[in-house]
Amino acid sequence: MIVDVKNIVKERKIKLKEKVENLKVNGITPKLVVIFASDDPASEIYVSKKRNMCGEIGIEEEEFLLDKNVTTDEITSIIHKLNEDVSVHGILVQLPLYKHLNENKILESIDPYKDVDGLHPLNLGRLLSNKEGLISCTPRGIMTIINDLGVDINGKNAVVVGRSVLVGKPIAHLLLNGGATITLCHSKTNNLKEHTLKADILVVAVGKAKLITADMVKEGSTVIDVGINRIEGKIVGDVDTEAVKDIAKFITPVPGGVGLTTVLSLLENVTEVASKSLK
Ligand code: NAP
Numbered sequence: 018m019i020v021d022v023k024n025i026v027k028e029r030k031i032k033l034k035e036k037v038e039n040l041k042v043n044g045i046t047p048k049l050v051v052i053f054a055s056d057d058p059a060s061e062i063y064v065s066k067k068r069n070m071c072g073e074i075g076i077e078e079e080e081f082l083l084d085k086n087v088t089t090d091e092i093t094s095i096i097h098k099l100n101e102d103v104s105v106h107g108i109l110v111q112l113p114l115y116k117h118l119n120e121n122k123i124l125e126s127i128d129p130y131k132d133v134d135g136l137h138p139l140n141l142g143r144l145l146s147n148k149e150g151l152i153s154c155t156p157r158g159i160m161t162i163i164n165d166l167g168v169d170i171n172g173k174n175a176v177v178v179g180r181s182v183l184v185g186k187p188i189a190h191l192l193l194n195g196g197a198t199i200t201l202c203h204s205k206t207n208n209l210k211e212h213t214l215k216a217d218i219l220v221v222a223v224g225k226a227k228l229i230t231a232d233m234v235k236e237g238s239t240v241i242d243v244g245i246n247r248i249e250g251k252i253v254g255d256v257d258t259e260a261v262k263d264i265a266k267f268i269t270p271v272p273g274g275v276g277l278t279t280v281l282s283l284l285e286n287v288t289e290v291a292s293k294s295l296k
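When we follow my numbering, the leftmost residue of the sequence shown carries the number 18, and every step to the right adds one.
Structure (structure tokens):
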């Protein structure tokens, strides 16, 4: 079955909106600040999606649109000011940055408690040690889908294809923390199919259209397709959805799948940070 992610997101948006309204009654308006220092056209689309969903939910959003001459130090000094600003609950640096910028230095300058993209080493470390922290948005969104479907993780074989810091590594740790036995595959993995065929839960985050074909998927499994590929003007995932949908119990679509929960998770993170300022 192809998962109706739109519906999952619709229901969670209603709950999130209620939380935001409740915070506003208590004098707190959750606020996200986006730093945009990039000429990547896809990133512009992602930022506009974030802006629109903030508007829908009632979260305040501000953007710093920085031109090509901006330096790493100028960005970190903006971030330091935002770190000190109590009206700001979430700071997000849209990646990829202009090539000349020092991504690590910029990400590490964010206050870990406002790091709503969950990419600060402190938050990644907390995830590794199974402690509470801000979880990066795509992995958090994947867990939202898995939990909403009622898929049991404990004791299951979970295979993640792709080992990026943004998706593959954090989702592998979330599944591990949930009690799954994990296999983390990447471009150097020999005989990928041998691994994917054992997966009760298969997460694919590579960026290669139709990398996962029907013969690589276990009957009755849950397949989460994270990939975004533009083929002949169409957006497709990493999994051959049409062929796999009759083998897997659940498969997420692309478009209209994980991407929707990624934006939702960002706003859930912002709202959770704002909620903490109530205490
Ligand atoms: P990435 O940083 O480029 O990482 C890709 C990973 O795939 C790497 O670990 C790479 O292995 C591995 N890989 C490459 N070819 C492979 C192969 N033939 N077999 C097995 N593994 C292979 O990408 P990313 O940032 O994780 O993103 C992955 C995909 O998800 C992209 O299409 C991206 O657009 C999409 N994405 C979607 C969302 C969303 O919200 N829907 C969010 C983030 C990303 P090595 O490490 O060995 O190079």
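Ideal Cβ placement from N, Cα and C applies to all residues, glycine included.
| query | result |
| --- | --- |
| Closest Cα partner of Val37 within the set Glu149, Glu73, Leu209, Ile25 | Glu73 |
| Nearest to Asp257 (by Cα), restricted to the options Thr269, Gly250, Ser65 | Thr269 |
| CB contact check: Asp21 to chain C, cutoff 8 Å | Among the protein chains of the structure shown there is no chain C, as only one such chain exists. |
| Residue from Val178, Val42, Phe53 with nearest C-alpha to Val240 | Val178 |
| Val22 beta carbon near ligand 1 (any heavy atom closer than 7 Å) | no |
| Residue environment, Leu192, which counts as buried when at least 16 other CB atoms sit within 10 Å | buried |
| Heavy atom of ligand 1 within 7 Å of Gly135 beta-carbon | no |
| Assumed close pair Met70, Val290 - CB separation to whole angstroms, cut-off 8 Å | Rounded, the Cβ-Cβ distance is 16 Å, inconsistent with contact. |
| Contact test: Leu183 Cβ vs ligand 1 heavy atom, cutoff 7 Å | yes |
| Residues of its chain near Lys210, where Cβ-Cβ distance is below 8 Å and the 5 sequence neighbours each way are ignored | Asp232, Met233 |
| Under 8 Å between C-beta atoms of Ile25 and Thr161 | yes |
| Contact under 8 Å by Cβ, Leu112 with Val105 | no |
| Which listed residue (Val253, Ala260, Val51, Asp255) has its alpha carbon closest to that of Leu283 | Val51 |
| C-beta atoms of Ala216 and Asp255 nearer than 8 Å | no |
| Beta-carbon proximity of Leu118 to Gly135, cut-off 8 Å | no |
| Beta-bridge pairing of Cys202 - partner residues as DSSP gives them | Val178 |
| Gly179 beta carbon near ligand 1 (any heavy atom closer than 7 Å) | yes |
| Any non-hydrogen atom of ligand 1 closer than 7 Å to Ala222 Cβ | yes |
| The beta strand (DSSP E) enclosing Thr279, as first and last residue numbers | No beta strand (DSSP E) contains Thr279, which is instead part of the alpha helix (DSSP H) from 275–293. |
| Val243 CB to nearest heavy atom of ligand 1 below 7 Å | yes |
| Leu228 beta carbon near ligand 1 (any heavy atom closer than 7 Å) | yes |
| Rounded distance between the beta-carbons of Lys266 and Ser238, thought under 8 Å | 6 Å |
| Supposed contact pair Pro47 and Thr288 - C-beta distance, whole angstroms, cut 8 Å | 5 Å |
| Local conformation of Asn246 per DSSP, three classes | strand |
| DSSP state of Glu120 mapped onto helix, strand, coil | helix |
| Minimum C-alpha distance to Ile252 - residue among Ala260, Ser55, Glu91, Gly274 | Gly274 |
| Nearest-angstrom Cα separation, counted from Asn43 out to Asn121 | 36 Å |
| Through-space distance from Ala260 to Glu79, alpha-carbon basis | 43 Å |
| Cβ pair Glu125, Pro138 closer than 8 Å | yes |
| Beta-carbon proximity list for Gly224, same chain, < 6 Å, skipping 5 on both sides | Gly244 |
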